[in-house]
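Here the structure comes first, spelled out in structure tokens, and everything after it is commentary.
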Amino acid sequence: MIPVIADTAAVRSATAFADARDTARAFLEGLRQPAVAPDAADTGLVVVSELVTNALRHCGGRCTLELTAHPDAIGVAVHDGGRHAPRMRTLDLSTGTGGFGWPMVNRLAYTTTPPAGPPAARP
6 MIPVIADTAA VRSATAFADA RDTARAFLEG LRQPAVAPDA ADTGLVVVSE LVTNALRHCG
66 GRCTLELTAH PDAIGVAVHD GGRHAPRMRT LDLSTGTGGF GWPMVNRLAY TTTPPAGPPA
126 ARP
């Protein structure tokens with residue numbers, strides 16, 4: 006397992022999202038064993054973008070991105086100060102309030118495991 010931890014910006018700006026994607030892209034490109042296929046890398050970048058976007062949008066504007074490489078998978082964890090685990094919402098096509106990110110992450114990832122308990126009790 007090869008861990009990389011990157012603290013994203015404490016603001017809700019395009020820079021924070023881009024920094025998270027750039028960190029993930031550099032991490033994935035730097036892997037040699039196991040090397041990551043281009044389509045898997047693209048999927049990983051979408052997952053990182055969605056998780057960081059949701060954390061910054063819904064949980065106080067600050068989060069930490071953690072990436073790990075395993076022999077058969079890439080781990081993506083985003084830690085934030087939110088009081089609640091991510092949840093499915095009703096999709097909204099008319100008012101622009103979204104609800105698409107978490108379902109998309111669940112479809113793209115092999116597994117999703119939101120942390121249990123309040124933020125102070127999370128590892």
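Numbering-wise (my numbering), the sequence shown opens with residue 6 and increments by one. Note that the Cβ used here is the ideal one computed from N, Cα and C, for glycine as well.
Name the DSSP beta bridge partners of residue i, please?
i	result
His84	Thr69
His89	DSSP, once it has assigned bridges, lists no residue as partnering His89.
His63	Bridge partners of His63: none, in fact.
Gly103	Asp97
Taking C-alpha atoms, which residue in the options lies nearest to residue i?
i	options	result
Arg112	Glu55, Gly65, Ala23	Glu55
Ala21	Arg88, Leu61, Gly86, Glu71	Leu61
Thr28	Asp44, Thr100, Thr73, Thr117	Thr73
His75	Arg92, Trp107, Val41	Val41
His89	Thr102, Thr100, Pro119, Pro108	Pro119
Arg94	Trp107, Thr100, Gly87, Ala82	Trp107
So, does the CB of residue i fall closer than 8 angstroms to a CB anywhere in chain D?
i	result
Phe32	Absent here is chain D; the protein component of the structure consists of one chain.
Output needed for residue i: all residues of its chain with C-beta closer than 7 angstroms, excluding positions within five of it in sequence on either side, in chain order.
i	result
Phe105	Leu96
Tyr115	Ala78
Gly103	Asp97
Thr117	Val110, Asn111
Tell me, to the nearest whole angstrom, how far the beta carbon of residue i is from that of residue j; I am working on the premise that it is less than 8 angstroms.
i	j	result
Ala25	Val51	The pair is not a contact, with the Cβ atoms about 12 angstroms apart (cut-off 8 angstroms).
Leu36	Val53	Between Val53 and Leu36 the Cβ distance is about 15 angstroms, and since that is not below 8 angstroms, they are no contact.
In its own chain, which residues sit with a C-beta less than 6 angstroms from the C-beta of residue i, not counting the 5 before and 5 after it?
i	result
Asp85	Ala60, Cys64, Cys68
Leu98	none
Gly80	Thr73
Asp47	none
Glu34	none
Ala82	Glu71
Gly87	Cys64
For residue i, which residues from the same chain have a beta carbon less than 8 angstroms from its beta carbon, with the 5 sequence-adjacent residues on both sides left out?
i	result
Arg92	Trp107
Ala23	none
Met109	Val51, Glu55
Gly49	Ala29, Leu33, Val41, Ile79, Val81
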